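Participant: Take the sequence shown: its position 161, counted from the start at 1, is 161 in the working numbering, and no numbers get skipped.
Below you will find the structure I want to go over with you.
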Amino acid sequence: MPAHRHKKGSVAIRVADAIEESDSSVPTIVRSRVVHRSVNTSARQSVRNRVHVDTNPYPVPQLESHGVESADPLHGVDDASTLPFHEDDAGDNQNWETTRTSPEVLDGHTRHYKKKSWRVRPIIKWREHRASYMDEMLRLDGWFYDSLVCSGGCADLIASHRCLDCFHAKPRCEGCMLKEHQQHPLHVIEKWNGSFWQRSSLASLGLIINLGHSGMSCPDADSAPRSMTVIHVNGVHRVYVKFCCCYTTPEGFLPRNQLLRCRWYPASLERPKTVVTFDALDLFHQCTTQGKISAYDFYTSVRQRSCNTGVEESATRYKEFSFISRCYRHLLMLKRGGIGHMGGSAFSIEDGALAFDCPSCPHPGKNLPDGWEDAAPAMKFLYCLFLAIDANFRLMNKNKGTGDDVCLSGGSAYFVEETRYQQSIATLGAPIEKSACGSTFQALARANTRADKAYPVTGVGGVVCARSGLVRPNGVGDLQKGERYVNMDHIILSTLIGTILTTIAFSYNICCQWSVNFADRMKKFPPFMWLNLLVITILYYIPKFHLPAHGSKCLSKYSFNLREGSARTDGEEVERNWSMSNEIAPSTLEMTPENRRDTLNDIFHAKNWRKITNLGSSLLVKLSNAIPARDQHNAIYNEFTATFPEKSISEWTAWVLKWDVDPDSCDDPYQAIHKSATLTDVRRELASEDSREASGGSTAYATLTPSTFLVLGLEVEDSHVALLAKSSQASNPTHAALLEEKRAALQQRLKKWREAQQSFMPGANDIIEALPSEDRPESASLLFPHNLPKPQQIPACVPNLAKKELRLRKAQADTALSEIRRLLRIRSSLRGSQKSISGQRALTRSHATLDTFNQKIDSNVSRYRIARTAILALESDASLTSSYKQLLSEDVRGPGRDDFFFDAPNSAARRRAEALGEGAFTPSWIWLSGDSGKDADAATVEFDEAMRIEWLRTRARARRWSEQVDLVVEEMRRTLKYMDWKAKWWRDRKALREEQRKEYKSGLDAYAEKQARVWESMGIRFAGLWRGVHEAADIPRSWSSHHLSAPYILTRRKPLVIVRAAPTAAAPSITPADPATYIPPRTESREEAAGSAGEDNIYQHSDDEDDFEDDEDDEDDGDFD
1 MPAHRHKKGS VAIRVADAIE ESDSSVPTIV RSRVVHRSVN TSARQSVRNR VHVDTNPYPV
61 PQLESHGVES ADPLHGVDDA STLPFHEDDA GDNQNWETTR TSPEVLDGHT RHYKKKSWRV
121 RPIIKWREHR ASYMDEMLRL DGWFYDSLVC SGGCADLIAS HRCLDCFHAK PRCEGCMLKE
181 HQQHPLHVIE KWNGSFWQRS SLASLGLIIN LGHSGMSCPD ADSAPRSMTV IHVNGVHRVY
241 VKFCCCYTTP EGFLPRNQLL RCRWYPASLE RPKTVVTFDA LDLFHQCTTQ GKISAYDFYT
301 SVRQRSCNTG VEESATRYKE FSFISRCYRH LLMLKRGGIG HMGGSAFSIE DGALAFDCPS
361 CPHPGKNLPD GWEDAAPAMK FLYCLFLAID ANFRLMNKNK GTGDDVCLSG GSAYFVEETR
421 YQQSIATLGA PIEKSACGST FQALARANTR ADKAYPVTGV GGVVCARSGL VRPNGVGDLQ
481 KGERYVNMDH IILSTLIGTI LTTIAFSYNI CCQWSVNFAD RMKKFPPFMW LNLLVITILY
541 YIPKFHLPAH GSKCLSKYSF NLREGSARTD GEEVERNWSM SNEIAPSTLE MTPENRRDTL
601 NDIFHAKNWR KITNLGSSLL VKLSNAIPAR DQHNAIYNEF TATFPEKSIS EWTAWVLKWD
661 VDPDSCDDPY QAIHKSATLT DVRRELASED SREASGGSTA YATLTPSTFL VLGLEVEDSH
721 VALLAKSSQA SNPTHAALLE EKRAALQQRL KKWREAQQSF MPGANDIIEA LPSEDRPESA
781 SLLFPHNLPK PQQIPACVPN LAKKELRLRK AQADTALSEI RRLLRIRSSL RGSQKSISGQ
841 RALTRSHATL DTFNQKIDSN VSRYRIARTA ILALESDASL TSSYKQLLSE DVRGPGRDDF
901 FFDAPNSAAR RRAEALGEGA FTPSWIWLSG DSGKDADAAT VEFDEAMRIE WLRTRARARR
961 WSEQVDLVVE EMRRTLKYMD WKAKWWRDRK ALREEQRKEY KSGLDAYAEK QARVWESMGI
1021 RFAGLWRGVH EAADIPRSWS SHHLSAPYIL TRRKPLVIVR AAPTAAAPSI TPADPATYIP
1081 PRTESREEAA GSAGEDNIYQ HSDDEDDFED DEDDEDDGDF D
């Protein structure tokens, strides 16, 4: 069977399942299946016989000539996951496959595929064998051994005990059981009582654990063994321990040190009675950082492994476990931060020294090239630090009163230093912050409002890398009320202390207001926190998802899509971080403030490490997406530019270049100067009315207003119409699967709409209940106020709901009609350029572009028709509806005579128009109504504005994708350079501490070298992952020699091969880089896929998995400890 893993010693063959296209030159997305060609000849032959391999029209690096070797210098440890995969190893996995009944014919070849149905087939197959599985499990509960005599070498004693942790262990007598478990004191044993196996313990058999002499009894040991409780991964154990008393050094004499040397962590300093094994602590640390498991849940689960019936009473050790786990994770952070190599009992740790830096961010002196300060203005974005800022009000903390707790990490990790933070808040105060923006965010309105006095901490403010999502050192602080400037300013300035970069970009959902007096507010903080604004240029952005909620003045000025140098950054990484950390909010809510900060520091630390280890795949995905997108949008831009006069292009370019330098120096070129009220404007007006009505007590709906209820309905209606149009296009299994996903999403939104209808349309409940149930959501009736009979429209709904729908519908109709006109003008220009196009490839691309515009036009036509129907049903005055005419198919055409010929081919109307000539031509009514203008000058102004905006946005898209390619390539270089620097940093730690004790010196040196090799191995692995795309795209690699020679690393996930056409030779490119000819496989994880925000992603993912397992378990994270 095709396997989804690329094992060491094997070579992957990408077999593309191409989507049928009329011409191979059209940009095409194809799925690719990974088949392994093993070293074994018979397995290789079986693969070739089973699947036909098409020739890839784009060259693939010849991986066979280089071999596929481990990129990890620490590959000496055996790992079954790295063994070569053979076709014969598939085993029962072949039972999970079903063969497609109808073959596909592509390029003249008939090809059969095996499609996985692993989500259903394995459980069905297993269900047939449940009885066999159950019999084997019950057999283990009885005496199934051949003999009653102990097989441990004793004198024919009766075997009465067995060990559950030893592999293939046979029953032993008590003496043999004790003898064999001197080095395994925490194994779980059972005793046969004649009827069943009963839980027992080694301690009950007399096992005594001797410390200090490798398990041998100390001649000077205590006279009586001590009883201790040991918390291990397999349960809670009661053991007997004898401490060594003959140590000559003070360290070895201490009982806690004797326990630590056995990898047991004591709960007290002097006479410990409870310990937790390092294995249990490591397991809990992984569970709490990955799965956000609380200490209570973990301890309870371990305790229940020992007794899950409650029959055996035992004292709880939860408090001891919680204390130990908190100390242990802090020690791990110190150890991984190299603090142990500094020496001394009182550590002196700099602020933020324990936090992980983002390797792909610019760090002067660590990963930037020489002369980066003198980069050309157009290339300064390559060395810009992109930061995303936001507040999270889920991470609250209850009022626990004043206590004597202490924050172990202080300001050495991700939280700001608390003393200075509180001084800034007390000194600078909290001035009332007003907003002049038209946004609907409540960040400023509630900045000085405390949610509840029982919660002294209402949330946290945070700063993360906007490109990779790593939390910044000293980039988190508690909030006492709302999102106040004084809190956010202190956090931002704290994380930037000592920054010597020349460009910093801030992404903040209220950046339009927060940025206004930032420089003046900064001067109120201590001077060491100031940014040198004479050297540093600060850029301000609003995240892409939040930007549409702002006023029109913000839409271009703070847009990542339109501003120069922003590449494809979306600014939403901080939101993705909150979604991950919010899972631990119920636990941190009940903690003391100090323990909470330590816990969140540990969570952020683990998350940063995970992101660092995933940089190899995440940056590969970004570059793999950016290269074809750059070529595609550059080609569109060049073709679109060729349709305009050079004078217009020159004027528009000069305008936008001036605006790029200073958006306040001229009018916004991306906004139309003459425009009518849009649907967004009316929605904003209705929201204001709702606010006034709510303040006056005229509405009782706190979470959903009448206007937002109607807007929700319009959004559901749009999804409803779009799904109805797509339902007839599901011609293959992939489209059918995507259609079912959209149906499920629409079903959820429809459910929310129905729930809201009960409140806003109470009189229509009987009608809603009487509606027939539909199997498919696209066939359901939404039932707006206009759908009700005329006499019921007012009494069946809340006051003014029908009037508000009428206003929204009019705005919807006007907006749809305006969009139709804009799209028709663009289509007219494209059709005009078709006259000069020759060649099948160019014509095919042109037709594909026109089809895209036609789909958008059809969507707006449907939207207008629906809105007009509603207007006629709601408006009783016919004179007010006369402007909303019926929109027929023949009315949807461009303003010119030539458009009529294109839109009505071979029709009687066209023949009549040709006979009458230009003088008798009558344009469609859509060009003679509304804001389209009735004279040539007005039409020309609207045409220029619409086409200018469309051309500028096309230009911006091309430039952003070109910048993305350059920036990701630079981020890859910086990442490799940083990892080399980090490896050297660890090796330099060896000489930092003068240690005379040999065993301690050995540990210090070994750990430093181990960490250095970890960073080096990750760099080698990343270079191997990225090597193929650089070579195939002919991108120069400014890497070190050992990275240039790194062996290719094949990805484990199912790849996507993107077959596309290169830009035309005559069209100038935005960047000098040559177009790529090969795009490597996608390796995007679920976490990274959630980060693909911004414009629509044109790359689809395969829903089929190549194995029953989850790839997330196979991430190679390196040896973090």
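We treat Cβ as the ideally placed atom computed from N, Cα and C, and that holds for glycine.
From a predicted model like this one, the values you see are computed outputs, not experimental measurements.
Work out the CA separation of residue 650 and residue 951 for me, nearest whole Å.
Facilitator: The count along the sequence shown starts at 1 and reaches residue 951 at position 951. The count along the sequence shown starts at 1 and reaches residue 650 at position 650. If I take the Cα positions, the gap works out to 12 Å.
Participant: Pull up the CB-CB distance for residue 289 and residue 794, whole angstroms please, since I reckon it's below 8 Å.
Facilitator: Sequence index remark: in the sequence shown, residue 289 carries index 289 (1-based). Sequence index remark: in the sequence shown, residue 794 carries index 794 (1-based). The Cβ separation is near 57 Å, so there is no contact.
Participant: With a 10 Å radius around its C-beta and 16 neighbouring C-beta atoms as the bar for buried, classify residue 1081 as buried or exposed.
Facilitator: Stepping through the sequence shown from its first residue, residue 1081 is reached at position 1081. Only weak support is given to the placement of residue 1081: the predicted model assigns it a pLDDT of 35, under 50, and the question is left unresolved by the model.
Participant: What does the alpha-carbon distance come out to for the pair residue 332 and residue 407?
Facilitator: Stepping through the sequence shown from its first residue, residue 332 is reached at position 332. Stepping through the sequence shown from its first residue, residue 407 is reached at position 407. Near 15 Å, if we compare the C-alpha coordinates of residue 407 and residue 332.
Participant: In the DSSP assignment, find the unbroken alpha helix (DSSP H) run with residue 364 in it and report its ends.
Facilitator: Within the sequence shown, the letter at position 364 stands for residue 364. Note, residue 364: premise wrong, no alpha helix (DSSP H); not H, not E.
Participant: According to DSSP, residue 197 sits in a beta bridge with which residue or residues?
Facilitator: Within the sequence shown, numbered from 1, the residue matching residue 197 stands at position 197. Note: residue 197 sits in a beta bridge opposite 192.
Participant: Quick one: what's got a C-beta closer than 7 Å to residue 919's C-beta in the same chain, skipping five residues either side?
Facilitator: Residue mapping note: residue 919 aligns to position 919 of the sequence shown, counting from 1. Summary for residue 919: the model assigns pLDDT 38, below 50, so the residue's position carries little reliability; its value from the coordinates is reported in the next sentence. Correct list: empty, nothing qualifies.
Participant: Would you mind sorting residue 761 into buried or exposed? The rule is 16 or more other CB atoms within 10 Å of its CB.
Facilitator: Translated into the one-based positions of the sequence shown, residue 761 becomes position 761. So residue 761 ends up on the buried side.
Participant: Over what stretch of residues does the alpha helix (DSSP H) that includes residue 1002 continue unbroken?
Facilitator: By 1-based counting over the sequence shown, the position of residue 1002 is 1002. Here the alpha helix (DSSP H) through residue 1002 covers 998 to 1032.
Participant: Can you tell me where the alpha helix (DSSP H) with residue 179 in it begins and where it stops?
Facilitator: As a first step, residue 179 must be located in the sequence shown, where it is residue number 179. Unbroken alpha helix (DSSP H) run through residue 179: 174 to 180.
Participant: Just reading off the beta strand (DSSP E) that residue 388 is part of, what are its end residues?
Facilitator: Counting from 1 along the sequence shown, the entry for residue 388 is found at position 388. Residues 385 to 392.
Participant: State the start and end residues of the unbroken alpha helix (DSSP H) segment that holds residue 242.
Facilitator: Within the sequence shown, residue 242 is the residue found at index 242, counting from 1. It is not in any alpha helix (DSSP H) - residue 242 instead sits in the beta strand (DSSP E) that spans 235 to 242.
Participant: Just tell me which of 613, 706, 422 has its CA closest to the CA of residue 753.
Facilitator: As a first step, residue 753 must be located in the sequence shown, where it is residue number 753. Here the closest residue by C-alpha is 706.
Participant: Taking buried to mean at least 16 other C-beta atoms within 10 Å of its own C-beta, is residue 582 buried or exposed?
Facilitator: Taking the sequence shown and counting its residues from 1, the one referred to as residue 582 is at position 582. With fewer than 16 Cβ atoms within 10 Å of its Cβ, residue 582 is classed as exposed.
Participant: Ends of the alpha helix (DSSP H) at residue 232?
Facilitator: For this step, residue 232 is matched to residue 232 along the sequence shown. Not the alpha helix (DSSP H): residue 232 falls in the beta strand (DSSP E), residues 226 to 232.
Participant: Buried or exposed for residue 392, please, with buried defined as at least 16 other CB atoms from any protein chain shown within 10 angstroms of its CB.
Facilitator: For the purposes of this step, residue 392 is taken as residue 392 along the sequence shown, with counting starting at 1. Buried, since its Cβ has 16 or more Cβ neighbours within 10 Å.
Participant: Check each candidate in 343, 527, 786 and name the one with the smallest Cα separation from residue 876.
Facilitator: In the sequence shown, residue 876 corresponds to position 876, counting from 1. Measuring from the Cα of residue 876, the nearest candidate turns out to be 786.
Participant: Which partner residues does residue 478 have in the DSSP bridge list?
Facilitator: On the sequence shown, position 478 is the one that residue 478 refers to. Answer is 460.
Participant: May I ask which residues mark the beginning and end of the beta strand (DSSP E) holding residue 528?
Facilitator: Position 528 of the sequence shown holds residue 528. Taken as a continuous stretch (DSSP letters only), residue 528 belongs to no beta strand (DSSP E), as it is neither H nor E.
Participant: Suppose the cutoff is 8 Å on Cβ atoms and the five residues either side in sequence are ignored; what does the same chain contact list for residue 948 look like?
Facilitator: Residue mapping note: residue 948 aligns to position 948 of the sequence shown, counting from 1. So the qualifying residues of the chain are 648, 652, 669.
Participant: To the nearest angstrom, report how far apart residue 284 and residue 292 are at their CA atoms.
Facilitator: The residue labelled residue 284 in the question sits at position 284 within the sequence shown. The residue labelled residue 292 in the question sits at position 292 within the sequence shown. Cα-Cα distance, rounded: 10 Å.
Participant: In chain order, what residues of the same chain lie with their CB nearer than 6 Å to the CB of residue 220, ignoring the 5 residues before and after it?
Facilitator: Position 220 of the sequence shown, counted from the first residue, corresponds to residue 220. Excluding sequence neighbours, residue 220 sits near 245, 246.
Participant: Taking residue 272 as the reference, give the member of 212, 257, 714 with the closest Cα.
Facilitator: Numbered from its first residue, the sequence shown carries residue 272 at position 272. Answer by Cα proximity: 257.
Participant: May I have the straight-line CA-CA distance separating residue 784 from residue 766, to the nearest angstrom?
Facilitator: As a first step, residue 784 must be located in the sequence shown, where it is residue number 784. As a first step, residue 766 must be located in the sequence shown, where it is residue number 766. Whole-angstrom Cα-Cα distance: 14 Å.
Participant: Residues bridged to residue 210 by DSSP?
Facilitator: By one-based count along the sequence shown, residue 210 stands at place 210. According to DSSP, which records beta bridges pairwise, residue 210 is partnered with 242.
Participant: Using only the alpha-carbon positions, how far apart do residue 798 and residue 886 sit?
Facilitator: Counting from 1 along the sequence shown, the entry for residue 798 is found at position 798. Counting from 1 along the sequence shown, the entry for residue 886 is found at position 886. Looking at the two C-alpha atoms, the distance is approximately 30 Å.
Participant: For residue 852, count the other beta carbons within 10 Å of its own beta carbon; 16 or more makes it buried, fewer makes it exposed. Which is it?
Facilitator: Counted from its first residue, the sequence shown places residue 852 at position 852. Exposed: under 16 other Cβ atoms inside 10 Å.
Participant: Would you be able to state if there are at least three C-beta pairs under 8 Å between the region 608 to 628 and the region 970 to 988?
Facilitator: Flag = yes, the region 970 to 988 and the region 608 to 628 touch.
Participant: Does the distance from the CB of residue 1011 to the CB of residue 986 come in under 8 Å?
Facilitator: The sequence position of residue 1011 within the sequence shown is 1011, counting from 1. The sequence position of residue 986 within the sequence shown is 986, counting from 1. Yes. Within cutoff.
Participant: Could you tell me if residue 126 is buried or exposed, where buried requires 16 or more neighbouring beta carbons within 10 angstroms of its beta carbon?
Facilitator: Counted from its first residue, the sequence shown places residue 126 at position 126. That one is exposed.
Participant: Which residues does DSSP list as the beta-bridge partners of residue 712?
Facilitator: As a first step, residue 712 must be located in the sequence shown, where it is residue number 712. For residue 712, which the question treats as bridged, DSSP gives no partner whatsoever.
Participant: Is it a yes or a no for the region 368 to 376 touching the region 486 to 493, going by three-plus beta-carbon pairs under 8 Å?
Facilitator: Touching, no.
Participant: Could you tell me the alpha carbon to alpha carbon distance between residue 870 and residue 511, rounded to whole angstroms?
Facilitator: Looking up residue 870 in the sequence shown gives position 870. Looking up residue 511 in the sequence shown gives position 511. Between residue 870 and residue 511, the C-alpha separation is close to 39 Å.
Participant: Please classify residue 287: does DSSP put it in a helix, a strand, or coil?
Facilitator: Along the sequence shown, one-based indexing puts residue 287 at 287. If DSSP states are grouped into helix, strand and coil, residue 287 belongs with the helices.
Participant: Using the Cα positions of residue 467 and residue 598, report the straight-line distance between them to the nearest angstrom.
Facilitator: One-based indexing of the sequence shown puts residue 467 at position 467. One-based indexing of the sequence shown puts residue 598 at position 598. Their backbone Cα atoms lie some 26 Å apart in a straight line.
Participant: Span of the beta strand (DSSP E) holding residue 772?
Facilitator: Indexing the sequence shown from 1 puts residue 772 at position 772. Here residue 772 belongs to no beta strand (DSSP E), and DSSP marks it neither H nor E.
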